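Engineer:
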Amino acid sequence: MAAANGVPANNTKTADWTPDSWRSKPIAQPVNYDDGALVEQALTKLKHVPPLVTSTEIWTLRKALKNVALGKAFLLQGGDCAERFDYCHDDTIDGKIRLLLQMSLVLIWGGNKPLVRIARMAGQYAKPRSKPTEKVDGKEIPSYRGDILNGYGSDERDLDPDRLVQAYFHSAATLNYVRAQLASGIADLHNPMDWGLGHVTDPALLAKYTGIVESISGSLRFMKTVGADTSTQLQSVDLFTSHEALLLAYEEGLTRKLRHPKNRDVAPTQESANGTSIQNGSSAPTDGSGYYNTSSHFIWIGDRTRQVDHAHLEYARGVENPIGIKVGPTTSVDDLVQILDLVNPRKEIGKITLITRYGKDKINDMLPKHIEAVRKTGHLVVWQCDPMHGNTRSTVEGIKTRSFQHIFEELSAALRIHTECDSYLGGVHLELTADAVTECTGGSEGLQDKDLSQAYHTYCDPRLNEKQALELAFLVADSQQQ
Ligand code: PEP
Ligand code: MN
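Residue 245 in full-length UniProt numbering sits at position 245 of the sequence shown, and the numbers go up by one each step.
#1: Once DSSP output is grouped into helix, strand and coil, what is the label at His170?
#2: Is the beta carbon of Leu254 closer than 7 Å to that of Ala119?
#3: Between the Cα of Pro51 and those of Trp383, Val476, Leu258, spot the shortest distance and give me the residue it belongs to.
#4: Tell me the rounded alpha-carbon separation between Val333 and His370.
#5: Do the CB positions of Leu248 and Trp22 come within less than 7 Å of each other?
#6: Using the Cα positions of Pro26 and Ser130, report the straight-line distance between them to the nearest angstrom.
#7: Just the Cα atoms here: how many angstroms apart are Thr419 and Ala37?
#8: Output needed for Gly71: all residues of its chain with C-beta closer than 6 Å, excluding positions within five of it in sequence on either side, in chain order.
#9: Give me, in chain order, the residues of the same chain whose beta-carbon lies closer than 7 Å to that of Pro128; leave out the 5 immediate sequence neighbours on both sides.
#10: According to DSSP, is His389 helix, strand or coil?
#11: Express the C-alpha separation of Thr210 and His457 in angstroms, rounding to a whole number.
#12: Taking the DSSP output, what are the residues bridged to Met121?
#13: Sorry if obvious, but does the Cβ on Cys440 come closer than 6 Å to a heavy atom of ligand 2?
#14: Evaluate Pro203 with the Cβ neighbour count: other Cβ atoms within 10 Å of its Cβ, from every protein chain shown; 16 or more gives buried, anything less gives exposed.
#15: Please tell me whether, using a cut-off of 6 Å, the distance from the CB of Cys81 to the nearest non-hydrogen atom of ligand 2 is below it.
#16: Taking the alpha carbon of Met366 as the reference point, which residue from Leu43, Gly350, Cys385 has its own alpha carbon closest?
#17: Can you give me the C-alpha to C-alpha distance between Glu271 and His48, rounded to a whole angstrom?
#18: If you compare alpha carbons, which of Gln41, Ala64, Val39, Leu99 is closest to Leu432?
#19: Three-state secondary structure (DSSP) at Lys96?
#20: Starting from the C-beta of His389, find all residues in its chain whose C-beta is less than 6 Å away, skip the five residues before and the five after it, and write them out in chain order.
#21: Can you name, in chain order, every residue of its own chain whose Cβ lies under 6 Å from the Cβ of Asn465, other than the five neighbours on each side?
#22: How many Å lie between Ala64 and Gly79 at the Cα?
#23: If you run the structure through DSSP and keep just helix, strand and coil, what is Gly227?
#24: Please classify Asn321 as buried or exposed, where buried requires at least 16 other C-beta atoms within 10 Å of its C-beta.
#25: How about Glu409 and Lys360: do their beta carbons lie closer than 7 Å?
#26: Just mark Lys135 as buried or exposed, buried being the case when its beta carbon has 16 or more other beta carbons within 10 Å.
#27: In angstroms, rounded to a whole number, what distance separates the CA positions of Ala73 and Asp155?
#28: Out of Gly378, His310, Ile349, which one is the CA nearest neighbour of Val337?
#29: Ligand 1 heavy atoms versus the CB of Lys362: any closer than 6 Å?
#30: Can you tell me whether Lys262 sits near ligand 1, meaning its C-beta is under 6 Å from at least one heavy atom of the ligand?
#31: Alpha carbon to alpha carbon, what distance is there between Ile148 and Pro192?
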């Protein structure tokens, strides 16, 4: 039987999919626990606990991302590279919420578009590693793989299945606090904001940033004067959560078959670029329900686990959540097209976010080809630039860092190339923290390689500190205004 939109009713994308069908596929970054019984016990628990997010929230984000794909909104996604269980602490969480909100105000000012905010938080506990072991104090030991798998201490590197359950409860506590703070007005824009521009010594930059802050403050004052402050818009915002779907046993454990919400965006139908009539919104399975990853609103597949015939994409293709795919210098055009068709066979607009992370030297060559190839398929994706992961380097002392200048260069190139290709850069994906760390060089504080040891606290990749993150938002906003 053919459905009204031309897609055969029995050809649903999840017809041969189950939450555990990934288990029959080859897998990159495999996880081999010693004690299968303990893993089973943890999974039984995960399958029993309540969802962290709902299908309604997931579809609210899906709709917002559709707007981003259509060029009507901008996406800011950011947070730690490796979230620790220890970051489940009020000050740490408050700092990150405030920073993301402040950056989003600047970006709204720059792009004149609504902002969609997604935190790399409340579950970003699993890390892909380039080597299974690493040298610590002269000894080769198993690599740290994120708090959901093992501990950072050199005596905690054995994989511990109990961490699967701990990850759930740390996510739950973090998300509970985020929701409580948002509901209690942490995002109330009437509160005075500390823009902390004291470190900016370059007079031209200081004038530029001060101008932006004054413009934002002026707009807020104006809205208050005309009574716009009575709307709840200014007092609360949406903040969605995300993490890399790397540890599939965990993702499987929190996958639930749920009724689709009423707000699901299944109409109107759209003509795809290659002429096929497609429907926005999945209808699989056909009984009004679908599979949802309830561990976070948005999940992404990393650059090391995006093989077309492997386990991670097999898992990702079956859930209703919006899916991010990291796209790097080794992503071929063929792979990219196959990935899109596999994970989003109905070409739902904004279902996929392509998170490009080529590095400043490769973006000019790679991005135009990828934009062109995706356009030909008829997929309408969110294009998001991750200017962090392609620009990692080591200092002579062997410290992993990134230069603010290189990060901004890749981001500027992404903005320029999308415009040149008549495409839309819909978002930015950053590793950041609100703490005064010294992990990336550059920015107005002028951090150099020799300064990195002052406050180098990351457990994986170097993050922008609060000043650098805000400064990047200022620079992006300024270039959007040009
Ligand atoms: C990350 O986002 O932390 C990450 C590991 O990225 P990628 O998969 O792009 O290397
Ligand atoms: Mn990282």
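Quick reminder that beta carbons are idealized off the backbone N, C-alpha and C, glycines included.
All figures in this text were calculated on a predicted structure; none of them were measured in a lab.
Structural biologist: In short, the structure shows the following:
#1: Position 170 of the sequence shown, counting from 1, holds the residue named residue 170. If DSSP states are grouped into helix, strand and coil, His170 belongs with the helices.
#2: One-based indexing of the sequence shown puts residue 119 at position 119. One-based indexing of the sequence shown puts residue 254 at position 254. The Cβ-Cβ distance between Ala119 and Leu254 does not fall below 7 Å.
#3: The residue given as residue 51 occupies position 51 in the sequence shown. Taking only the C-alpha atoms, the option nearest Pro51 is Leu258.
#4: Position 333 of the sequence shown, counted from the first residue, corresponds to residue 333. Position 370 of the sequence shown, counted from the first residue, corresponds to residue 370. So the two alpha carbons sit approximately 6 Å from each other.
#5: Taking the sequence shown and counting its residues from 1, the one referred to as residue 248 is at position 248. Taking the sequence shown and counting its residues from 1, the one referred to as residue 22 is at position 22. It is a contact, given that the beta carbons lie within the stated cut-off.
#6: Within the sequence shown, numbered from 1, the residue matching residue 26 stands at position 26. Within the sequence shown, numbered from 1, the residue matching residue 130 stands at position 130. One C-alpha to the other measures close to 18 Å.
#7: Numbered from 1 along the sequence shown, position 419 holds the residue referred to as residue 419. Numbered from 1 along the sequence shown, position 37 holds the residue referred to as residue 37. If you take the alpha carbons of Thr419 and Ala37, they lie about 54 Å apart.
#8: Stepping through the sequence shown from its first residue, residue 71 is reached at position 71. Same-chain partners within the cutoff: Tyr424.
#9: Translated into the one-based positions of the sequence shown, residue 128 becomes position 128. Same-chain partners within the cutoff: Gln29, Leu246, Gly302, Arg304, Thr305.
#10: For the purposes of this step, residue 389 is taken as the residue at position 389 of the sequence shown. It is helical.
#11: Your numbering for residue 457 matches position 457 in the sequence shown. Your numbering for residue 210 matches position 210 in the sequence shown. Here the C-alpha atom of His457 lies approximately 30 Å from the C-alpha atom of Thr210.
#12: One-based indexing of the sequence shown puts residue 121 at position 121. Note: Met121 sits in a beta bridge opposite Ser242.
#13: What you label residue 440 is simply residue 440 of the sequence shown in a count that begins at 1. Answer for Cys440: no, Cβ out of range of ligand 2.
#14: On the sequence shown, residue 203 is found 203 positions in, with the first residue counted as 1. Under this definition Pro203 is an exposed residue.
#15: Here residue 81 corresponds to residue number 81 of the sequence shown, with the count starting at 1. At least one heavy atom of ligand 2 is nearer than 6 Å to the Cβ of Cys81, so yes.
#16: The residue given as residue 366 occupies position 366 in the sequence shown. Here the closest residue by C-alpha is Cys385.
#17: Walking along the sequence shown from the start, residue 271 turns up at place 271. Walking along the sequence shown from the start, residue 48 turns up at place 48. Its pLDDT being 41, under 50, Glu271 is placed unreliably by the model, and the measurement read from it follows with that caveat. About 41 Å.
#18: Along the sequence shown, read from residue 1 onward, the residue named residue 432 stands at position 432. Out of Gln41, Ala64, Val39, Leu99, Leu99 has the C-alpha closest to the C-alpha of Leu432.
#19: The residue given as residue 96 occupies position 96 in the sequence shown. The three-state reading of DSSP puts Lys96 in helix, counting H, G and I together.
#20: One-based indexing of the sequence shown puts residue 389 at position 389. Cβ within range, chain order: Arg357.
#21: In the sequence shown, residue 465 corresponds to position 465, counting from 1. Within the same chain, Asn465 has close Cβ partners Ala436, Val437.
#22: In the sequence shown, the residue the question calls residue 64 occupies position 64. In the sequence shown, the residue the question calls residue 79 occupies position 79. If you take the alpha carbons of Ala64 and Gly79, they lie about 20 Å apart.
#23: The residue labelled residue 227 in the question sits at position 227 within the sequence shown. Reduced to three states, the DSSP call for Gly227 is coil.
#24: Here residue 321 refers to the residue found at position 321 of the sequence shown. Asn321 should be labelled buried.
#25: Taking the first residue of the sequence shown as position 1, residue 409 is located at position 409. Taking the first residue of the sequence shown as position 1, residue 360 is located at position 360. Result yes, Cβ atoms of Glu409 and Lys360 sit closer than 7 Å.
#26: Along the sequence shown, read from residue 1 onward, the residue named residue 135 stands at position 135. Burial call: exposed.
#27: On the sequence shown, position 73 is the one that residue 73 refers to. On the sequence shown, position 155 is the one that residue 155 refers to. The straight-line gap from Cα to Cα measures roughly 46 Å.
#28: Numbered from its first residue, the sequence shown carries residue 337 at position 337. Comparing Cα positions, the closest option is Gly378.
#29: Translated into positions along the sequence shown, residue 362 becomes position 362. Because no heavy atom of ligand 1 lies under 6 Å away, the Cβ of Lys362 does not count as near it: no.
#30: Here residue 262 is taken as the residue at index 262 of the sequence shown, counted from 1. Not under cutoff, so the answer is no.
#31: For the purposes of this step, residue 192 is identified with residue 192 of the sequence shown, where counting begins at 1. For the purposes of this step, residue 148 is identified with residue 148 of the sequence shown, where counting begins at 1. Computed Cα separation, rounded: 38 Å.
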